[in-house]
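Chemist: Sequences listed follow chains L and X, in order.
Numbering-wise, my numbering puts 112 at position 112 of the first sequence, and it's gapless, one number per residue.
To convert, count from 1 in the second sequence and add 340; that's my numbering.
Number of protein chains: 2
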Amino acid sequence: MTKLTELRKPYLLFLGDAIKATDAKTAAGIAYWRPDDCLGQFRINENTVSLDLADMSVKEAAAAGCGTFIVGLAPVGGGFPESWVSICVEVLEAGMDIASGLHTRIGEIPDIAAAAERTGGLVVDVRTPPEGLPCGTGRKRRGKRLLSVGTDCCVGKMYSTLAIDAEMRRRGINSTFRATGQTGILIQGSGIAVDAVVSDFLSGATEVLSPENTDDHWDVIEGQGSLFHPAYAGVSLGLLHGAQADALVLCHELGRLSVDGDYADFAIPPLDEAITMNLSLASRTNKDVKLVGLSLNSSNLSEDEALITMAELEDIHKVPVVDPVRTGVAKLIDFLEKNT
Amino acid sequence: MTKLTELRKPYLLFLGDAIKATDAKTAAGIAYWRPDDCLGQFRINENTVSLDLADMSVKEAAAAGCGTFIVGLAPVGGGFPESWVSICVEVLEAGMDIASGLHTRIGEIPDIAAAAERTGGLVVDVRTPPEGLPCGTGRKRRGKRLLSVGTDCCVGKMYSTLAIDAEMRRRGINSTFRATGQTGILIQGSGIAVDAVVSDFLSGATEVLSPENTDDHWDVIEGQGSLFHPAYAGVSLGLLHGAQADALVLCHELGRLSVDGDYADFAIPPLDEAITMNLSLASRTNKDVKLVGLSLNSSNLSEDEALITMAELEDIHKVPVVDPVRTGVAKLIDFLEKNT
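(1) Is T501 of chain X close to chain B, meaning its C-beta is less than 8 Å from at least one C-beta of that chain?
(2) For chain L, check one thing: does any of its Cβ atoms lie closer than 8 Å to the Cβ of L542 of chain X?
(3) Can you list the beta strand (DSSP E) stretches of 3 or more residues lying completely in the region 565–619 of chain X, in chain order?
(4) Contact criterion: CB-CB distance below 8 Å. Does L257 of chain L meet it with respect to chain X?
(5) Is the separation between the beta-carbon of D600 of chain X and that of C428 of chain X shorter than 8 Å?
(6) Let's see if you can read the secondary structure: which residues bound the beta strand (DSSP E) around F420 of chain X?
(7) Which class does D125 of chain L belong to by DSSP, given the choice of helix, strand or coil?
(8) Counting only the same chain and skipping the five closest in sequence on each side, list residues whose C-beta sits under 6 Å from that of A233 of chain L.
(9) Assuming E562 of chain X and G529 of chain X are in contact, meaning their beta carbons sit under 8 Å apart, how far apart are those beta carbons, in whole angstroms?
(10) Compare the C-alpha of P75 of chain L against each of L:A196, L:V289, L:A24 and L:P110 and name the closest.
(11) Using a Cβ-Cβ cutoff of 7 Å, what residues of the region 572–584 of chain X are near chain L? List them in chain order.
(12) Leaving out five residues before and five after G28 of chain L in sequence, what residues of the same chain have Cβ atoms less than 8 Å from its Cβ?
(13) Any C-beta of chain L sitting closer than 8 Å to the C-beta of T520 of chain X?
(14) Can you look up R43 of chain L in the DSSP assignment and give me helix, strand or coil?
(15) Could you tell me the alpha carbon to alpha carbon distance between R8 of chain L and D219 of chain L, rounded to whole angstroms?
(16) Helix, strand or coil: how does DSSP classify L186 of chain L here?
(17) Measure the alpha-carbon distance for G16 of chain L versus I70 of chain L and round it to whole angstroms.
(18) Taking 8 Å as the cut-off, decide whether the C-beta atoms of E433 of chain X and A455 of chain X are in contact.
(19) Along the beta strand (DSSP E) that carries V411 of chain X, what are the first and last residues, could you check?
(20) Since I349 of chain L and L291 of chain L are thought to touch, with beta carbons under 8 Å apart, how far apart are those beta carbons, to the nearest angstrom?
(21) Would you say A284 of chain L lies against chain X (beta-carbon separation less than 8 Å)?
(22) Thinking C-alpha only, which one of L:A205, L:P320, L:G293 and L:I109 is nearest G132 of chain L?
(23) Taking the alpha-carbon of M617 of chain X as reference, which of X:D556, X:G490 and X:R485 has the nearest alpha-carbon?
(24) So with CB distances below 8 Å, who are the chain X contacts of D262 of chain L?
(25) Quick check on D492 of chain X - is its C-beta less than 8 Å from some C-beta in chain L?
(26) For R374 of chain X, which residues from the same chain have a beta carbon less than 7 Å from its beta carbon, with the 5 sequence-adjacent residues on both sides left out?
(27) What is the rounded straight-line gap between the Cα of G148 of chain L and the Cα of V538 of chain X?
(28) Please determine if the region 170–180 of chain L and the region 208–217 of chain L are in contact, where contact requires at least 3 C-beta pairs separated by less than 8 Å.
(29) Given this structure, state the Cα-to-Cα distance separating G460 of chain X from L352 of chain X, to the nearest angstrom.
(30) Do the region 236–245 of chain L and the region 126–146 of chain L meet, that is, are 3 or more Cβ pairs less than 8 Å apart?
(31) How close, in whole Å, do the beta carbons of D437 of chain X and V464 of chain X come, if the pair is a contact with beta carbons under 8 Å?
(32) Do you know how far the Cα of V661 of chain X is from the Cα of S635 of chain X?
(33) Taking the C-alpha atoms as reference points, what is the distance between R666 of chain X and S500 of chain X?
(34) Please work out which residues of its chain come closer than 6 Å, Cβ to Cβ, to G565 of chain X, disregarding the five sequence neighbours upstream and downstream, and give them in chain order.
(35) Is D272 of chain L buried or exposed, if buried means 16 or more other CB atoms sit within 10 Å of its CB?
(36) Rounded to a whole number of angstroms, what is the C-alpha to C-alpha distance between V548 of chain X and E507 of chain X?
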């Protein structure tokens, strides 16, 4: 069975030369969802954005037991500057690993590769799937699984599943967040970037990501894309079949009319169509799959408008409707505990 | 725009040490569908199976203007024997290219790689997708497209599309077979093995495979897998969206009850469910998509049983029902010409 890499904790978050908080989104996500895993932050200079973590040099972090240096952001100018290469070499020399979510495979930069070789440190490119993934089997695995699906890309699937996992664990439910994209992988410390997996192994990758578990355990699996996306629907379907989900949560951005990015000709599917299609296809590998909630991004609406819309959608779809930022996801977990 | 490799014709078909015709299926397929592209066959010895082509040495084939040596079969014992390596080196030295459909990447065998380097000959591994494939755009391309879809893997999708393309060309319809698997690619001389494409680029690969064309031109696209396959459905959906098909042909094997291979727990979906699901998802990138026929493998049935079943299915589904081996596909093309 393919074994997934687990990043060594705690982390030193590299913030580089990011001036705006949005340029350090990945690091901010890690600090928000996994504060206990974050030992400190490393800023190039005092103009760099801060996440209100302890500022640490590489040496200080290593001395404090830091396991992994997290490179979650590209430099403002593009490329991977020589000064950052030197920092990565210092990190490895200090006995730490590096994890990167960048498109550039920094483990292939000669000086970094040589330092990794010399020190035995790992340089983990979280966009690169593990080797030797199998084809899917479709065979039922023990344990329970929740998957977020969406009406589009970038509608809050990662945020929703992280919030659901957090609320489950707060209640003492045995659950694990299963990451399928680079940010989620850096937050959780393991996972598979499914969109980078060779098509034949999509469902198999999802089976590896979410292995057999105890009967009371929930895997909370981060969804990707949408069955209605003209470019990425294949990823979504492979994930849907491989997940064998008992519970689906449909994620949607209120007010979004067309597919994000360069797909303005493609309307967002109606919610009932998205629900029916996802349940229908998911039932192929788990005939008991059910919808347990809608998770909305309602940031385009005022608080009042949002709450009214959510109440209306609850009436229509007979499942809890939440906005994880505005309302939290407690109502959704209440429903899940009663109905699965 | 990514450019697809076109194999140089005509071919010398390598039959190796295959004793049984079934071991030389790929070469037999090329000889059957593209006789004019086959200059001759190369057999290791007189016990090797024959396709009734002219026996030729590498030198004779080169002198007769052969472009590519086709390695479509693995040796009986497995591995890639030293004697075959020598033959491949001789092929390259004679100025020919090599195309292989094997899992082993023969272009990476040191002696073959060195000979290719020395001679400038190509060693084309048709299972390896081209580099630099883009993400799908979903943007409408000119020209018309037919895609075969299936209730399972191995139900005749390649055979059906090859037969449809052949019948179209016989009638003077401007059409091109677009191959998506290794055998189809060796038959056509170009194509993309979509199951080997990284998931993110599935629809984009299909768009590259079937580029804009004249309004009267048909791309006849080989389908893969099935939307109901627990391991490979993602491939099928990426292909379905990328193809923007005007016309779908559903392929099915009469009498098959469960999914081929190690998936006995998975029933073959009912035909009406397979039709509805394929049309529904395909309509996302071409709202005018329609079903133009069922193409059956009826080899499990007697001639009488098969014809009765086909007539019944025509009554139910209101489209032509053919078995390309038993009845040909003329009826399907008649319907297509009237209805698209």
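Glycine residues also receive a C-beta, built at the ideal position from the N, C-alpha and C atoms.
Modeler: According to the structure data:
(1) This model lacks chain B altogether, as its protein chains are L and X.
(2) yes
(3) 587–593 and 603–607
(4) no
(5) no
(6) No beta strand (DSSP E) holds F420 of chain X; DSSP gives it neither H nor E.
(7) strand
(8) L227
(9) About 14 Å separates the two Cβ atoms, so there is no contact after all.
(10) L:A24
(11) Y572, A573, G574, V575, L577, G578 and H581
(12) According to the sequence displayed, residue 28 of chain L carries Ala and not Gly. A21 and L51.
(13) no
(14) strand
(15) 21 Å
(16) helix
(17) 11 Å
(18) yes
(19) T408 to V411
(20) Because chain L is modelled from 1 through 340, residue 349 of chain L falls outside the range shown and cannot be assessed.
(21) The identity of residue 284 of chain L in the sequence shown is Arg, whereas the question assumes Ala. So, interface residue.
(22) L:A205
(23) X:G490
(24) T477
(25) no
(26) I527
(27) The sequence given here places Ser at residue 148 of chain L; Gly does not occur at that position. Spanning the two alpha carbons is a distance of roughly 22 Å.
(28) yes
(29) 19 Å
(30) yes
(31) 7 Å
(32) 6 Å
(33) 12 Å
(34) C493, Y572, V575 and S576
(35) exposed
(36) 24 Å
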